[in-house]
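Number of protein chains: 4
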Amino acid sequence: MSNKVFELQLTVRDYELDTQGVVNNSVYQNYLEHARHEYLKSIGLNFNELHQNGTDAVVHKIELVYKKPLMGDDRFVVKTYAEQSGNVRFIFYQNIYKLPENELVLEGIVTGVFMKNGRPIRPPQEVIEAIQ
Amino acid sequence: MSNKVFELQLTVRDYELDTQGVVNNSVYQNYLEHARHEYLKSIGLNFNELHQNGTDAVVHKIELVYKKPLMGDDRFVVKTYAEQSGNVRFIFYQNIYKLPENELVLEGIVTGVFMKNGRPIRPPQEVIEAIQ
Amino acid sequence: MSNKVFELQLTVRDYELDTQGVVNNSVYQNYLEHARHEYLKSIGLNFNELHQNGTDAVVHKIELVYKKPLMGDDRFVVKTYAEQSGNVRFIFYQNIYKLPENELVLEGIVTGVFMKNGRPIRPPQEVIEAIQ
Amino acid sequence: MSNKVFELQLTVRDYELDTQGVVNNSVYQNYLEHARHEYLKSIGLNFNELHQNGTDAVVHKIELVYKKPLMGDDRFVVKTYAEQSGNVRFIFYQNIYKLPENELVLEGIVTGVFMKNGRPIRPPQEVIEAIQ
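Listed below in structure tokens is the structure:
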């Protein structure tokens, strides 16, 4: 399996809007987290099962650039691409595009690490294979 | 158009889980609100456009009976059925069932009213027609 | 210790507002949950420690009547009063009042039960003593 | 008035925890937003009033480094310091420390801009004076 972009289509829900009538800034992190977990599922890893078995995927750093706000009823796609970084870290590049015009909404870079017993570990084999 | 049940299928997202590993109680209200707004869309009414034109759909009362918790990765369907109640109120009966077994997760009864300029008004014609 | 009303003062945070400029309906459940957990702490019970020891406080039913919306920057108090109901259930009466005028915002009735190993149990002794 | 650090003390609420038993990553953005809005209030600016008058404080970029997770019942302080950056942008440096030991939990850098009629404007005089 070669490394590729994982796409997840979603629609804004009205409870995600704030008083400015746009999706609240923190909600984009929910979208990105959900897309990462769906990405992991697509390569055979389940976040909740990993947690029950003592392995946690943990975010170390997140950078978000807000380009254009999403509003009520907007449809959008989260595109996720992952790369290894050093021995234990891996980086998710996650951009959000508004549909159907594919306008750039948000650029995200999320650095993560897998932890077991409080220590960083090498990513599971499924991750290493998927991002090669 | 005769009155009928509106169905919306969704999947639990991991950020909706709480420390007990189940969907947090308040999140079901998000699911129900989203289903009501999608229901309104299905009969030609848009919650955000209504608001911009000065009409707000407002919840007066909500009753929720929690039957079985949803957990990570669960798929479920929200079934919504609406009835008028008196001149200005209408009632949404909203049940959530876990898929694929259709196990009852939550029974909801939501009483709402449309407001304009701070006063209850008769529901828009689209609602009256849809729930006849 | 005789049964009494537990009061928790809070302030609306802007991210809790929705596109109507009022606190979103589901957020009141967050307020009520937080007030219940603070109430439990005030009688010597910690929700998270209980969970780690295998006992979960679970909501069975919730009824909310929305009287007046909270808006940005509003200060309010959650008043919580608990009663036993039968052998295993207990009921929280939780009203929210806007400060400083003490206007009624929301009336809540929350029925809960303590669970251990998937079964309802008699409430912990701290609860029984507190609500006598 | 000289530029100074604005401090806001908060406590973790249980509904902010996720299935790992720690505060969910996106919730820190809520904490930071709330601290920024309280900071603005402390210098005489109200986010909601600004919005009603057509001026919106908008986040352009956010960088978060997660150092140590907050857990249930943790008390913490958000320390906010603001600087101007060019003509229209300003930068909030926002760190979160766990109390009472002042352990570093999160380092945040938030770049914002004030918008009016869809265009960036020079920050209100209150901001310029406060961050000199």
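Protein chains in written order, with the working numbering: chain A, 317 to 448; chain B, 317 to 448; chain C, 317 to 448; chain D, 317 to 448.
The beta carbon of each residue, even a glycine, is placed where N, CA and C say it ideally should be.
Can you pull the chain B residues whose beta carbon is under 7 Å from the beta carbon of residue i, in chain order?
{"i": "D/Gly337", "result": "Thr335"}
{"i": "A/Phe363", "result": "Asp330"}
{"i": "A/Gly388", "result": "Asn364"}
Output the boundary residues of the beta strand (DSSP E) element that contains residue i.
{"i": "C/Glu419", "result": "419-432"}
{"i": "D/Glu379", "result": "371-382"}
{"i": "D/Tyr397", "result": "391-401"}
{"i": "A/Pro439", "result": "Per DSSP, A/Pro439 belongs to no beta strand (DSSP E) and is neither H nor E."}
Can you tell which of the options has the C-alpha that lies nearest to the C-alpha of residue i?
{"i": "C/Leu386", "options": "C/Thr371, C/Glu417, C/Lys320, C/Pro440", "result": "C/Glu417"}
{"i": "C/Gly388", "options": "D/Glu399, D/Gly424, D/Glu365", "result": "D/Glu365"}
{"i": "B/Leu348", "options": "B/Asn369, B/Asp390, B/Leu422", "result": "B/Leu422"}
{"i": "C/Ile412", "options": "C/Asp334, C/Ala398, C/Asn369, C/Ala351", "result": "C/Ala351"}
{"i": "A/Lys414", "options": "A/Glu442, A/Val339, A/Lys320", "result": "A/Val339"}
{"i": "D/Gln325", "options": "D/Lys395, D/Leu361, D/Val381", "result": "D/Lys395"}
{"i": "C/Val404", "options": "C/Glu419, C/Asp372, C/Tyr355, C/Lys383", "result": "C/Asp372"}
{"i": "C/Ile425", "options": "C/Phe408, C/Val321, C/Lys320", "result": "C/Phe408"}
{"i": "C/Val343", "options": "D/Leu356, D/Arg329, D/Asn341", "result": "D/Arg329"}
{"i": "A/Asn369", "options": "A/Pro440, A/Ile447, A/Ile444", "result": "A/Pro440"}
{"i": "B/Thr427", "options": "B/Leu361, B/Gln400, B/Asp390", "result": "B/Gln400"}
{"i": "C/Asn362", "options": "C/Gln448, C/Val443, C/Ile447", "result": "C/Val443"}
{"i": "D/Tyr382", "options": "D/Gln345, D/His367, D/Met431, D/Asp390", "result": "D/Gln345"}
{"i": "B/His367", "options": "C/Gly402, C/Thr335, C/Val321", "result": "C/Thr335"}
{"i": "B/Phe406", "options": "B/Lys377, B/Gly360, B/Ser358", "result": "B/Lys377"}
{"i": "B/Lys432", "options": "B/Leu356, B/Val374, B/Val393", "result": "B/Val374"}
{"i": "C/Phe392", "options": "C/Gly360, C/Thr327, C/Gly337", "result": "C/Thr327"}
{"i": "C/Glu354", "options": "C/Gly402, C/Ala446, C/Glu419, C/Phe322", "result": "C/Phe322"}
{"i": "C/Ser358", "options": "C/Tyr397, C/Arg435, C/Gly434, C/Leu420", "result": "C/Tyr397"}
{"i": "A/Lys384", "options": "A/Val429, A/Ile447, A/Asn341, A/Leu356", "result": "A/Asn341"}
{"i": "C/Thr380", "options": "C/Ala446, C/Gln410, C/Leu356", "result": "The sequence shown places Leu at residue 380 of chain C, rather than the Thr named in the question. Residue C/Gln410 is the option with its Cα nearest to C/Leu380."}
Run down chain A in chain order and give the residues with a C-beta less than 8 Å from the C-beta of residue i.
{"i": "C/Asn340", "result": "Tyr331"}
Which residues in chain D sit within 9 Å of residue i, going by Cβ to Cβ distance?
{"i": "C/Asn346", "result": "Arg329, Tyr331, Glu332"}
{"i": "C/Glu349", "result": "Arg329, Asp330, Tyr331"}
Give the secondary structure of residue i by DSSP, where H, G and I count as helix, E and B as strand, and everything else as coil.
{"i": "B/Ile444", "result": "helix"}
{"i": "B/Leu386", "result": "coil"}
{"i": "B/Gln336", "result": "coil"}
{"i": "D/Met317", "result": "Confidence at D/Met317 is low in this model, with a pLDDT of 42, below 50, so the placement of that residue should be treated as unreliable; the coordinate-derived value is given next. Three-state DSSP puts D/Met317 in coil, outside helix and strand."}
{"i": "C/Leu415", "result": "strand"}
{"i": "D/Leu361", "result": "coil"}
{"i": "B/Val328", "result": "coil"}
For residue i, report the span of its alpha helix (DSSP H) as first-last.
{"i": "A/Lys357", "result": "341-358"}
May I ask you to check if the CB of residue i is nearer than 7 Å to at least one heavy atom of the ligand MN?
{"i": "B/Glu417", "result": "The ligand MN is not among the ligands present in this structure, which contains no ligands whatsoever."}
Along chain A, which residues have their Cβ under 9 Å away from the Cβ of residue i?
{"i": "B/Glu442", "result": "Neighbours of B/Glu442 on chain A: none; closest Cβ ~17 Å, over 9 Å."}
Along chain D, in chain order, which residues have C-beta atoms closer than 8 Å to that of residue i?
{"i": "A/His353", "result": "Near A/His353 there are no residues of chain D at all, since even the closest Cβ is about 11 Å away, more than 8 Å."}
Listed from N- to C-terminal order along the chain, which residues in the region 371-402 of chain A have their beta-carbon within a distance smaller than 9 Å of any beta-carbon of chain B?
Met387, Gly388, Asp389
Output needed in chain order: residues of the region 408-423 of chain B with a Cβ under 8 Å from some Cβ in chain A.
none
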